[in-house]
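Participant:
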Amino acid sequence: MAGLTREVLTGGVVALVGSAVLAYIRSQEWTGLALAGGMSPKLFPGLAAAAMTGGGLVIVVAGLWRARSREAGAGVGASEAEPEAALPPLALWLGSVLYAALLPHLGFLAATPLFLFSLIVVWGVRGWATRVCFTVGYTAALFYVFERLLGVPLPSGPWG
Amino acid sequence: MAGELLQGIEQAVRWDTMLLLAVGTIVGDLAAAIPGLSAIQAIALLLPFTAYLSPVGALALLVGIYKGGCFGGSTTAILLATPGTAEASATVLDGYPMARQGMAGKALRIALWSSVTADLFAALVLIFGAAVLAPYALKIGPPEYFALVVCALTIIGLVGQASPARSAVAVGLGFLLATVGQDPVHGAVRFDIGVLALTSGIPLVPMIIGLLAIPELLDQFGKRHRSVSVEQMRAFLRDPEKQRFTLAEYRRCLPTMLRSSAVGAVIGALPGLGGAIAAFVSYGVARRLSKHPERFGKGEMEGLAAAEAGDSATVGPTLIPLLTLGIPGSGTAALFIPAFLLHGVQVGPRVFADHGPVVYGLFALFVIGTAVHAVVGIGIRAAAARILAVPPNLLYPAVLLMTLVGAYTAETSLVAVGVALFFGGLGMVMRRFGFPPIPLLIAFVLGGLTETALGQSLLLFDNRLSGFLERPLALAFFALAAGIALVAARGAWQGARSRERRPAADQRA
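Here the protein sequences line up with chains A and B, keeping their order.
Residue 175, in the working numbering, is where the first sequence stops; the numbers in between run on with no holes.
Residue 1392, in the working numbering, is where the second sequence stops; the numbers in between run on with no holes.
#1: Pull up the distance between the alpha-carbon of A/Gly69 and that of B/Ala885, whole angstroms please.
#2: Tell me, please, whether the CB atom of A/Val147 is closer than 8 Å to any CB atom in chain B?
#3: Express the C-alpha separation of A/Cys148 and A/Ser171 in angstroms, rounding to a whole number.
#4: Do the segment 1084-1100 of chain B and the segment 1140-1158 of chain B make contact, defined as three or more Cβ pairs closer than 8 Å?
#5: Which parts of the segment 1054-1111 of chain B are runs of the alpha helix (DSSP H), unbroken and 4 residues or longer, counting only runs that do not cross its ends?
#6: Give a yes or no on whether 8 Å exceeds the smallest Cβ distance from A/Gly71 to chain E.
#7: As an exercise, report each continuous beta strand (DSSP E) stretch of at least 3 residues that is fully enclosed by the segment 1203-1258 of chain B, in chain order.
#8: Determine whether the beta carbon atoms of B/Ser957 and B/Gly978 lie at a separation below 8 Å.
#9: Would you list, in sequence order, the uninterrupted alpha helix (DSSP H) runs of no fewer than 4 residues that lie entirely inside the segment 1317-1355 of chain B?
#10: Is it the case that the Cβ atoms of B/Pro1025 and B/Ala1336 are separated by a distance below 8 Å?
#11: Between B/Leu903 and chain A, is any beta-carbon pair separated by less than 8 Å?
#12: Note the first and the last residue of the continuous alpha helix (DSSP H) segment covering B/Gly1012.
#13: Would a check of beta-carbon distances place A/Pro173 closer than 8 Å to chain B?
#14: Is the Cβ of A/Val151 closer than 8 Å to any Cβ of chain B?
#15: With H, G and I counted as helix, E and B as strand and the rest as coil, what does DSSP make of A/Gly122?
#16: Listing by chain order, which chain B residues have their CB less than 7 Å from the CB of A/Ala77?
#17: Using three-state DSSP, classify B/Ser1165 as helix, strand or coil.
#18: CA-CA distance, B/Leu1352 and B/Phe1361?
#19: Please say whether B/Gln1126 and B/Met986 have beta carbons closer to each other than 8 Å?
#20: Establish whether the CB of A/Thr25 and some CB of chain B are separated by less than 8 Å.
#21: Using the C-alpha atoms, what's the distance from B/Val1255 back to B/Arg897?
#22: Three-state secondary structure (DSSP) at B/Ser1144?
#23: Identify whether B/Ser1296 lies in helix, strand or coil by the three-state DSSP scheme.
#24: Counting only the same chain and skipping the five closest in sequence on each side, list residues whose C-beta sits under 8 Å from that of B/Val1032.
#25: What's the C-alpha gap between B/Gly1040 and B/Pro1047?
#26: From the beta carbon of B/Arg1315, is the nearest beta carbon of chain A less than 8 Å away?
#27: Mind pulling the chain B residues with CB within less than 9 Å of A/Gly142?
#28: Can you give me the C-alpha to C-alpha distance between B/Met1184 and B/Phe1327, rounded to a whole angstrom?
#29: Starting from the C-beta of B/Val1228, find all residues in its chain whose C-beta is less than 6 Å away, skip the five residues before and the five after it, and write them out in chain order.
#30: Would B/Ser1143 pass as a contact of B/Ala1281 if the rule is Cβ separation under 8 Å?
#31: May I ask you to report which of helix, strand or coil DSSP gives A/Ser171?
#32: Can you look up B/Val906 in the DSSP assignment and give me helix, strand or coil?
#33: Do B/Pro931 and B/Thr1292 have their C-beta atoms within less than 8 Å of each other?
#34: Does B/Asp1002 get closer than 8 Å to chain A when you measure Cβ to Cβ?
#35: Counting only C-beta atoms, is B/Val1052 closer than 8 Å to chain A at any point?
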C-alpha cells in the first residue's frame, strides 16, 4: 500500500509542479523581438509543462487504478519492492555541494584534499597511510593534469 | 567530395588520433568493467576534455569509449555473473556457465571476437546507411523535422520503458529545461531566475555529467560489490587448453555472429531500443535457429557469440539518425552532439555538405576502431579482470571527484559545478521515483531545434496547426507516433487487466 501511496503522491507532485509552471508561464510577459505572425515564446514551454502535468495525472490515475485492483484482490500479491535507502546518496550529494561551496574560498589545493579525505574515510578506506597517500597523490595528479597539462585555471584560494 | 573523403581519412589515420582511439577503447573497456559505470558515464566524464582536441581527435576518443564500453561489460558478466552494463546482461546466460566450467579465458575470447566481427559489420552499416539516407534528409523541412522529433521521442518514450507516463514527464521536463535562456525565435529571455549565466541557457556538458554520471556514483555509496578472488580466477582458468578459441570454432560461430550483427544493426538504427534489447533478441533468434537449443544457457558458444554480436552491432547504426537527421537514437548517441557542437559542427541534414571531412573522418574511425578494438581487447583482458580487484571505496571517490573537476573544466566556472550538482540531485530523485533520464536528455538536446522548427512551421502555415496536415511526410510521422502510442496504451491496458485478474484467480485457487 505504501508503494501505491508513493505512486499517487509522485504523480500528484509532478502534476502540481507542471501546473505551477504553466501558471508561471501565463503570468509572464515574454515578448523579446516579436516577429509578426510568429508563435508566442510561451507556446513551447507551455506545451512542455502541459506534458508534465498530463504525465503526472496519468501516474496518479494509474496508481489509483492499481490500488483498486489490489483491494479487489484483498492484498494477494500486493507486495511492493522496498525502496533503496536514500540517506547515504543524499549525504554524499550534500557533501559534494559543500565541496563546491568551499572551492572559491579555500581554493582547489585546500578544498580537494579535505573533501577527498573525508570521502574515502566515510567510504570505508582503512589505514592512515593509504588515506593520506591516496588523498595527496590523487589531488596532485588532478592538479597536474588540469592546471599544468590542459591549462585550466583551477579555483585558487588565499594560499594560491 | 573525394577531396573531403581523403581529408577525413588522413585525419583519422594520424598517430595522435589513433592513440586517442586506443585510449578511448581502453577507458571504455575498463569503465564498463566497473559495476555501475558504462560507456555513457565514461563519455559524459570525458566530454570536457574533447574541447582540447581536434574535431576528429575528439570523435576518436568518443568512438573508442563507445566501442570499448559496449564490449567491456562482458568481463564482469562472464567472471562474476554480474553484467558491468545492462547491455551485457544476455552475455551472462552462457558466459558465466562457461567460466564455471573452467573456460573463462575462452568465453572472454569469444566475446571479444564476436564483438569485433559485429563492430566491423556495424561500421559498414553506418557508412552505407548514412550515405543512402543523407540525400533524403536534405528534403526535410521544419514541419517534417518537428513531426520527426515528436515521432522519435514517442518511440524513445514508449518502447522499452516501464512507464510511458513517466517518460512523457521526462520529455516534458527536458523540453522545459531547454527553454531556459534566450528564446531561439524571439530572443525573449525565459526562466533565467536572475542568474546571468543562464541567459545563454543551461550548459550542456555539465548538465550531462550531472544527469548521467553523478547519480550512478551517488548510488554506489555504501553498496557492497562482488570481486574476483585470485583462487576464483585460477579455477576459471585452470586448464590452459580449454582457453583457446580456435579458427574452426570461430568459423562455426560466424553465421550466428553475422545474423546477430544484422539484428543488432537494425535495432540500433531504431530510436530508443539499444544494446540490451538487441542482445536478447539476437540470443533468442540464435537459440531458435540452433540445432541444439537445449545447450543454450549451459555454456553454449553460439549463445555467447549471439549476445555479444547483437549488442556490439548497435554501436554504429545508432549514429545514422544522428548524422542524417540530427536526432540521436540513444543516450550515448546524444552525447556526440555536444562533442560536435564544441567544434562548431551542427549535426543534421547539412552535416555532409558543411563538415564533410569530419563525417568521413568519423566513418574511417569506425572502421579503424574495429582493429584497435581487437588489439586493445587482446591486451587488456587481464587488466580488465584485475580492475575488479581495485577497492571500490577508492575507485568511486576518485571518479566522483574527477566528475566534479570535469564539470568545472567544461565551462571553467563554478556555475558549471553547480549545474552538474543540481542535475546530479535531479537525476538521483528521478531514479528513486522511476523517471528515465535518457528521454529527458534527448528532449533537452533537441529542445532548441524543435522549438525553432515549430516556430518556422507555424510561420509557414500562418499560425494554423492544420498546416501540418498538408505535408504528407509530416503527417506520416505523426500517424506513426499515434500508432505507436495506441499500441503502447493497448499493451499497458491489457497488462493492467491481466494483473487485475491474476490476484482474484490466485485467491480462488
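Just so you know, even glycine gets a beta-carbon here, dropped at the ideal spot from N, CA and C.
Facilitator: The short version:
#1: Each residue's alpha carbon lies about 51 Å from the other.
#2: It does not: the Cβ of A/Val147 has no partner Cβ on chain B nearer than 8 Å.
#3: One C-alpha to the other measures close to 22 Å.
#4: Between the segment 1084-1100 of chain B and the segment 1140-1158 of chain B there are fewer than three C-beta pairs closer than 8 Å, too few to call the two in contact.
#5: 1087-1091, 1097-1103, all fully within the segment 1054-1111 of chain B.
#6: Among the protein chains in the structure shown, which are A and B, there is no chain E.
#7: Qualifying beta strand (DSSP E) stretches: none in this window.
#8: Taking 8 Å as the Cβ cut-off, B/Ser957 and B/Gly978 qualify as a contacting pair.
#9: Complete alpha helix (DSSP H) runs here, min 4: 1320-1343.
#10: B/Ala1336 is positioned such that its CB atom lies closer than 8 Å to that of B/Pro1025.
#11: It does not: the Cβ of B/Leu903 has no partner Cβ on chain A nearer than 8 Å.
#12: First-last of the alpha helix (DSSP H) with B/Gly1012: 987-1020.
#13: So no, A/Pro173 is outside the interface.
#14: Proximity of A/Val151 to chain B, defined by a Cβ-Cβ separation below 8 Å, is not satisfied.
#15: The three-state secondary structure of A/Gly122, taken from DSSP, is strand.
#16: Chain-order list of chain B residues neighbouring A/Ala77: Ala1048, by C-beta distance under 7 Å.
#17: The three-state secondary structure of B/Ser1165, taken from DSSP, is helix.
#18: Cα to Cα, the separation comes out at about 9 Å.
#19: The answer is yes: Cβ separation under 8 Å.
#20: The Cβ of A/Thr25 sits closer than 8 Å to at least one Cβ of chain B.
#21: Straight-line Cα distance between these residues: approximately 14 Å.
#22: Residue state, collapsed to three classes: helix.
#23: Reduced to three states, the DSSP call for B/Ser1296 is coil.
#24: Excluding five sequence positions before and after B/Val1032, the CB atoms of its chain that fall closer than 8 Å to its own CB belong to Ile1210, Leu1329, Leu1332, Thr1333, Ala1336, given in chain order.
#25: B/Gly1040 and B/Pro1047 have their C-alpha atoms roughly 6 Å apart.
#26: Cβ-Cβ to chain A under 8 Å: yes for B/Arg1315.
#27: Listed along chain B, no residue sits closer than 9 Å to A/Gly142 by beta-carbon distance, the nearest being about 11 Å off.
#28: Computed Cα separation, rounded: 42 Å.
#29: Setting aside the 5 residues that flank it on each side, B/Val1228 is surrounded in the same chain by His1238, Val1241, each with a C-beta closer than 6 Å to its C-beta; the list follows chain order.
#30: In this structure, B/Ser1143 sits away from B/Ala1281, with a CB-CB distance that is not shorter than 8 Å.
#31: DSSP places A/Ser171 within a strand segment (E or B) once states are collapsed to three.
#32: DSSP, reduced to helix, strand and coil, places B/Val906 within a helical segment of the structure shown.
#33: A Cβ-Cβ contact shorter than 8 Å links B/Pro931 with B/Thr1292.
#34: No, B/Asp1002 does not count as interfacial toward chain A.
#35: So, interface residue.
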